[in-house]
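Read in order, the letters of the sequence shown are residues -19 to -1, 1 to 734 in mature numbering (1 follows the signal peptide of the UniProt record, and there is no 0). Note that the Cβ used here is the ideal one computed from N, Cα and C, for glycine as well.
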Amino acid sequence: MSLKTMLILLGLALATILALICVLLTRERTPRSCQHVPPEQEGVEDSQSLVFADLTPEEMSQVVRYLQGHLGVPLVDASRAKPWDNCIASVDLQVPAKAEVLRFLDGGGARPPREALAVLYFGKQPEPNVSEYVVGPLPTPAYHRDVTEQKYGGKVPYHRRPVTGMEYADINTLIQRELKKAPRFLTACCESDGTNLVTLTTAPRGFKSGDRMTWFVLFHNVAGTGYYLSPVGLEVLVDHGDLHVSRWRLHKVFYNGRYFASTGDLEQEFVAGALEVVRLKQPKADAVLGSMKPWRPPGSPGPLQFEPQGPRYSVRNNRITFQGWSIAFGMNPNTGPRLFDIRYRGERIVYELSLQEALALYGSNCPGGMSTRYLDGSFGIGRFAYELVRGLDCPYTATYVDRHYLAETDTPRTNQNSLCIFEHDSALPLRRHFSDSQSLYYGGLRKTTLVIRTISTLINYDYIWDFMFHGSGAVEVRVHATGYISSSFFHGQGTDYGNRVGPHTLGTMHLHHIHYKVDLDVDGQLNSLETQDMEYEFVKDPWSTQNTIERPYVRRERLEKEDEAAFPLNVPMPRYVSFVSRNPNKWEHPRSYRIQIISFAGKHLPTNSSMERSISWGRYQLAVTQRKEEEPTSTSIYNQNDPWTPTVAFADFINNETITNEDLVAWITVGFLHVPHAEDIPNTVTVGNSVGFFLRPYNYFNEDPSVDSSDSVYFSSEQDLGACGANPLACLSSAGTCAPRLPPFHFGGFLNL
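Below, the structure written as structure tokens:
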């Protein structure tokens, strides 16, 4: 071998060695494998967040056994209880008083006793009533105390209780019995003997306190599709106020624009030829209006999001941590999702963030539709949050959590996988800049967000409840509405109240108004409220004084009383409304969090309405009040069935108390008007049907806190952009090899119904 050849080979060997060294050095700064990298633990200890934890099934059962043995009255299982029985309606966590919790979390005080709140229906009493008991301490109860009078000023009248599944079953039996009195009419109108018709409840139930009289709308029932789009034109008014089911009766019948005293009268009119009948055929499953069955075979899979080295968040017990965030989460069976002790970088920002109520108020020229004002908390926003479908309701690789509840039965129930947690890449920069002058560089940060989600199915509608936590220190709350529209039978001037969406189906107009409680603690418990907006001032230009400039300036105002801080719905409010601390940031501005509302709410019920006080929270897009332990919620499950004498009237919370350097609560209403249209068939889409609000840092920090994110990207024209160590985006090609092995699809959501 010649000397020249040897030198060439030696040179190639040295070049290869140097290249390998460079590769190894580069790889030292990139993930070494696809193994899961546990996220850093931040915030409070895991055990501390348990002060807010939902009851376990074992604790619920212990409460039931204790009440059965210590109340001294017979208790019937609520799943089969009649109105004249005593029963346990529900058991949920009794959230401890805030002062006790903060002494425990922040002051090293004792852990508050763990207690439950039990709601009981006492029908077998000289004066039937609803009572509430606090039972504790858990897990081994030893005491109970009646808190009904303390909370409501007296016993809750029995007619205010929510309707149970057993009561609905007895009503349906009555309706079926009455339908048998009109066999020829049913055959002609609906090709039915009544057994293939289903009923939909309305609410409230009457026109004055003490009424329990409900319109039920009848629909064709077709397996595998939503019956809500197939009304037959028949509606019945049932009086079910008596304790004895045998005394319930059909009070009125409506068909196609006319009212009748009974189904027997309806039949007589039909037989006499005095009734105009719209003859409907029984819908076929493959052609029924609103079928959600796919029209096409499956296509190629869509995009799939995954975490190359596993989740960057942690879920332990009821606490979630993620890149500086710490959140305790839970679910109230009535009002739905609730979050507590929300901290960012160790500092509490929100003590409580909870859904309060969801109102759906309808219009129609049929009695059922025109009288419907659903208050979904009385039906069970949390209770009807069922199992989520992996890969559609939430990302396939999300973390899924079970939720437990006890309602209308003595046995705890579990909605498996009914809450999901995931990190979401929005495919949008959180911030970025491309510099094309002086120096050439690019800097940016991907917008990834922690999402906590649950979805409630409330009869026909599905509400998607999202709570999102951003790297900028902002909290975003959003609700999307989907599911089926409710409908009336199309007749007369029906289009005054909606749009026709089928041969005999009127999509009825309605509004969705949602209410939230936000107990902000910005740099401490004591805050004030500040507003900012813009004005113009007309000034002479100072350099010549010959021209006029319209100069915008910031108008700041501190609000001092609750009445000033109650902003009416659909009236322009200051663009910046902030909870401010007494402490300044580095730049001598008060540390603050801004409330930014995104809403398209309809008109609130007129205040001269007899039931308006029961939903008086809807008067305001934002109301800020002093926080009081005796004002924990803006409404009550008892308001639905007696809105004329509301158990809780939010308007009473606003009594012009001072809001300067106080523990304050923001009560926020968001919503939208929905006039259904053809594209709501088969289902209402989420696009354009979402509202919510942000809690955004405003001078809370000295700079954007995401500046130190490890996801930040920066490179200049002088760098090697393909070097993984210098540019994280160059690492993504290798991260693609870490695609996870997905678990098999499973869904058990039909098992617990």
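CA-CA distance, G505 to I402, rounds to 28 angstroms. Comparing alpha-carbon positions, the option among E660, R324, P686 and V694 lying closest to A711 turns out to be V694. The three-state secondary structure of G717, taken from DSSP, is helix. By the criterion of at least three beta-carbon pairs nearer than 8 angstroms, the stretch 333 to 351 is not in contact with the stretch 105 to 123.
Between L320 and E338, the CB-CB gap reaches or exceeds 8 angstroms. Considered as a whole, the stretch 648 to 689 harbours 671 to 679 as its complete beta strand (DSSP E) runs of no fewer than 3 residues, in chain order.
Taking 8 angstroms as the cut-off, the Cβ atoms of D443 and I436 count as close.
Within a 10 Å sphere around the beta-carbon of M41 sit 16 or more other beta-carbons, which makes this residue buried.
The residue among D417, P20 and L231 with its C-alpha nearest the C-alpha of I152 is L231. A direct Cα-Cα distance of roughly 34 angstroms separates N528 from R539. Looking only at Q131, K136 and R95, the smallest Cα-Cα distance to P118 is reached by R95. Going by C-alpha positions, T718 is about 49 angstroms away from R84. In summary, A184 is buried, with 16 or more beta-carbon neighbours lying within 10 Å of its beta-carbon over all protein chains present. If you compare the alpha carbons of I495, N480, F303 and E543 with that of S453, the shortest gap goes to F303. In the three-state DSSP reduction, H493 falls in the strand class (E or B).
If you check the CB distance, W306 and F448 do not come in under 8 angstroms.
When secondary structure is reduced to three states using DSSP, R608 falls in the coil class, being assigned neither helix nor strand. Per DSSP, reduced to three states, the secondary structure at F631 is helical.
Judged by their CB atoms, V82 and V32 are nearer to each other than the 8 angstroms cut-off. Distance from the CA atom of H17 to the CA atom of E404, rounded to whole angstroms, is 15 angstroms. Along the stretch 228 to 286, the beta strand (DSSP E) occurs as fully enclosed runs of 3 or more residues at 230 to 236 and 239 to 241, listed in sequence order.
Contact between L510 and F470 does not hold, since the beta-carbon distance rounds to 49 angstroms and is not under 8 angstroms.
Shown here for N622: same chain residues with a beta carbon closer than 8 angstroms to its own, the five before and five after excluded, namely H140, R141, R142, P143, V144, A184, P185, R186, R193 and S359 in chain order.
Within the model, the alpha-carbon separation for L586 versus M490 is close to 14 angstroms. Assigned with DSSP and collapsed to three states, L181 falls in strand. With contacts defined as CB atoms closer than 8 angstroms, I635 and T606 qualify as a contacting pair. In the structure shown, the three-state DSSP call for L119 is coil. Shortest Cα-Cα distance from P284 to any of K63, P212, S190 and A408 involves A408. Listed in chain order, the non-local C-beta contacts of A630 below 8 angstroms within the same chain comprise R594, S595 and S597, local neighbours out to five positions each way being set aside.
When beta bridges are read from the DSSP output, N313 appears opposite G317. Using a 10 angstroms sphere on the CB of T244, the tally of other CB atoms reaches 16 or more, which defines it as buried.
Assignment of D500 by DSSP, reduced to helix, strand and coil, places it in the strand class. Residue environment for G311: buried (at least 16 other C-beta atoms within 10 angstroms of its C-beta). Collapsing the DSSP output to three states places E638 in coil. For C375, DSSP records a beta bridge to R371.
In this structure the stretch 56 to 70 touches the stretch 382 to 401; the number of beta carbon pairs closer than 8 angstroms is three or more.
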